[in-house]
Ligand SMILES: Cc1cc2nc3c(=O)[nH]c(=O)nc-3n(C[C@H](O)[C@H](O)[C@H](O)COP(=O)(O)O)c2cc1C
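Residue numbers (the working numbering): 50 to 557.
Right, dumping it as structure tokens:
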């Protein structure tokens, strides 16, 4: 009998399908969370200060969510889970209800939605508020309905890219102290040197996050929001001692002191959305970078989490890591076919040992059924999944949450392992990331990998029409051209021509 004996498969299934009630009252009908995946499918054109579109979700984005959530997977709004939805105006939806709430995603976290349309993570990402006159309410509502009617709790990730704002925005990136990125990210012309925010600008951040949260929950009807304080974006850089060297009330020697901005933003968001909506935070390197190896860092982190509970009744914490200096959340496994996940299980153990009682979603490297059990055993309450949802959008949820026919638990394990495994179609790029002397190119190689998964996400899991290396170069050139030349259309046309030519060469 293998180490994946049926009893452990059953145990994993039981864990995954056990509901979880959040402090705000919403109920996750399963422990499976779709983590934020930047869809880059908005109605926007241009980017940043040059944005002309409304930066609303497109139909293509909404269709992607019906694959992820499973149109009709749940019991419909108000049925089974989603206890925090009382009082929302009812809306029509094309998504039919089904009879199996426990096979629904527990929580579906959207890709990052920008709090300020002048600072976009990518030119086609969605923003809570744009300069366009038409808000296109029906698209936002259709997006929300697709998730909610599948019975998943619908949470919008709200974010500011901070010092990782690319040049295509036509604006100087913001950061706590003007510290630039290290590594090749800091040396590319695509990410300009950031400037330090003034105190007045920092004072205004809580209002910006609160307004975005209000628009998402109160205007568009989502169940809640997640503040993105991971992956090197603005809130993460305030937590990190390296990027936050401020001497005012927003800096300090301890994590707790540097947590002031996050505390204020979380409190303002909670005030904006009220006690019954979900408010979560995704945190990573800035807050938890040292936690796994240093008990005092774990104690500091738990003190900050307990502050967040006191000021904002935070419902859950999602744990991740990495940033553009080191894309750790896309870490290459040490050997082909071996799962090194879950990446941050030791961080979860350390936080639990230090007394953390809040709900933890562990994301990153959950690539097999064994990884699900390791996450549970480390103390996680739910698992967050990213890349597998890009590559196999319609497969992940049913593989993990639907009981196996004829109680065949060995077959269940096989299905789950196949659904969560890293995608073979991009394995050659991941293999290069394992080569020691190519480490300086890690960001570029990870960029190719992210581009591949983004393309898969946008096309229902289908592979890109041409190699992601060319896509990445195309994207980099496009970004540079957008920034460098006001007559964007001309440049874009030329670049598309070159890209078409490159595609032809590759296909020969
Ligand atoms: C294409 C792509 C887009 C992503 N976009 C976001 C995002 O918008 N916000 C975020 O917090 N994480 C984002 N991530 C990171 C994922 O949420 C997740 O942390 C990461 O993929 C690790 O989980 P995995 O091992 O299951 O893939 C993205 C990852 C990928 C591959």
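Glycine residues also receive a C-beta, built at the ideal position from the N, C-alpha and C atoms. Note that the coordinates shown come from a computational prediction; the quantities given were computed from them, not determined experimentally.
query	result
Determine the closest residue to residue 416 out of 389, 245, 410, with distance taken between C-alpha atoms.	389
Any heavy atom of ligand 1 closer than 7 Å to the beta-carbon of residue 325?	no
In whole angstroms, what is the alpha-carbon distance linking residue 252 and residue 155?	35 Å
Could you tell me whether the Cβ atoms of residue 562 and residue 103 are closer together than 8 Å?	With the chain running from 50 to 557 in the structure shown, residue 562 is simply not present.
So residue 277 is in the beta strand (DSSP E); what residue range does that whole segment cover?	273-278
Please indicate yes or no: does the CB of residue 502 lie closer than 7 Å to some heavy atom of ligand 1?	yes
Measure the C-alpha to C-alpha separation of residue 125 and residue 66 and round it to an integer number of angstroms.	Note that residue 125 has pLDDT 37, beneath the 50 cutoff, so the model's placement of it is unreliable and the number below is only indicative. Approximately 18 Å between the Cα atoms of the pair.
For ligand 1, is there a heavy atom less than 7 Å away from the beta-carbon of residue 206?	yes
In this structure, how does DSSP classify residue 445 when only helix, strand and coil are distinguished?	helix
Beta-carbon within less than 8 Å of residue 506's beta-carbon, same chain only, minus the 5 sequence neighbours each way: which residues are those?	86, 88, 113, 438, 439, 442
I'd like to confirm something about residue 278: is its beta-carbon nearer than 7 Å to some heavy atom of ligand 1, or not?	no
By Cβ distance, which residues of its chain are closer than 7 Å to residue 234, with the 5 residues on each side in sequence left out?	240, 373, 374, 492
In angstroms with no decimal places, state the Cα-to-Cα distance between residue 219 and residue 326.	35 Å
Return yes when the Cβ of residue 328 is within less than 8 Å of the Cβ of residue 274, no when it is not.	yes
Sorted by chain position, which residues of the same chain lie with C-beta nearer than 6 Å to residue 93's C-beta, five sequence neighbours on each side aside?	100, 102, 104, 173
Classify residue 359 as helix, strand or coil using the three-state DSSP reduction.	helix
Following a CB-centred definition, is residue 410 positioned closer than 7 Å to any heavy atom of ligand 2?	No copy of ligand 2 occurs in the structure displayed; its ligands are ligand 1 alone.
Please name the residue in 445, 224, 434 whose C-alpha comes closest to that of residue 243.	224
Rounded C-beta distance between residue 344 and residue 403? I'm assuming under 8 Å.	7 Å
Ignore the nearest five residues each way along the sequence and tell me which others in residue 363's own chain have a CB closer than 7 Å to its CB.	315, 328, 329, 330, 357, 407
Report the residue ranges of all alpha helix (DSSP H) runs contained in full by the stretch 351-418; include only those spanning at least 4 residues, in chain order.	394-402
Measuring alpha carbon to alpha carbon, tell me which of 512, 281, 317, 80 ends up nearest residue 262.	317
Near residue 429, what residues of its chain come up, given a Cβ to Cβ distance below 6 Å and the 5 sequence neighbours on each side ignored?	397, 409, 411
What's the C-alpha gap between residue 444 and residue 205?	23 Å
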